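A.B. asks: Residue 984 in my numbering sits at position 70 of the sequence shown, with consecutive numbering throughout. Even for Gly, the Cβ is constructed at its ideal location relative to N, Cα and C. Predicted model only: the values in this text are computed from it and were never measured.
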Amino acid sequence: MAIKIKKGDMVQVLTGKDAGKSGKVLEIDKKTSRLRVDGINVFKKFVKSQTKSDKGSEAVTMNRSLSISNVLILCKNCGKASRIGYKIEGDKKFRICKKCKAVI
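The structure is reproduced here in structure tokens:
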């Protein structure tokens, strides 16, 4: 399966506790078809200190991954969440918005 979303794209979440929220893609795992989005699916993890000189444990906020099927890309032109298509001109291939046909 080809992954049409890239690192740095703005996406909108469709399902889950953060449905309707949008954020920037931080990283993509192509093997598992999952991605991490900034500020979405956030949880706190308590980490123990690694050395004795540290005071103690601390709470670290982290982003869990989402399935790629649960997000849609946000078009910069029309501002709506839409699917991605491709347009080939000469030897170049462009991603386009399915709603407004603008190049993403």
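For the beta strand (DSSP E) holding V1017, just list the boundary residues, first then last.
C.D. replies: From DSSP, V1017 is part of no beta strand (DSSP E); its letter is neither H nor E.
A.B. asks: Report buried or exposed for C992, applying the criterion of at least 16 other Cβ atoms within 10 angstroms of its Cβ.
C.D. replies: Looking at its Cβ environment, which holds fewer than 16 other Cβ atoms inside 10 Å, C992 is exposed.
A.B. asks: Determine whether the beta carbon atoms of N977 and V961 lie at a separation below 7 angstroms.
C.D. replies: Result no, Cβ atoms of N977 and V961 do not sit closer than 7 angstroms.
A.B. asks: Just to check, is the beta-carbon of E1003 closer than 6 angstroms to a non-hydrogen atom of the ligand GTP?
C.D. replies: Among the components of this structure there are no ligands whatsoever, and the ligand GTP is therefore not found.
A.B. asks: For R997, count the other beta carbons within 10 Å of its own beta carbon; 16 or more makes it buried, fewer makes it exposed. Which is it?
C.D. replies: So R997 counts as exposed.
A.B. asks: In whole angstroms, what separates the C-alpha of S967 from that of K958?
C.D. replies: If you take the alpha carbons of S967 and K958, they lie about 23 angstroms apart.
A.B. asks: Run through DSSP, which three-state label would I919 get?
C.D. replies: It is coil, neither helix nor strand.
A.B. asks: Using 10 angstroms around the beta-carbon of I917, count the other beta-carbons present and answer buried if the total reaches 16, otherwise exposed.
C.D. replies: Counting Cβ neighbours within 10 Å, I917 comes out exposed, since fewer than 16 surround it.
A.B. asks: Over the uninterrupted beta strand (DSSP E) stretch that includes Q964, give me the two end residues.
C.D. replies: Here Q964 belongs to no beta strand (DSSP E), and DSSP marks it neither H nor E.
A.B. asks: Comparing alpha-carbon positions, which option in K994, E1003 and G1004 lies nearest K1013?
C.D. replies: Ranking the options by Cα distance to K1013, first place goes to K994.
A.B. asks: Which of the three DSSP states, helix, strand or coil, is assigned to N977?
C.D. replies: N977 falls in the strand class under three-state DSSP.
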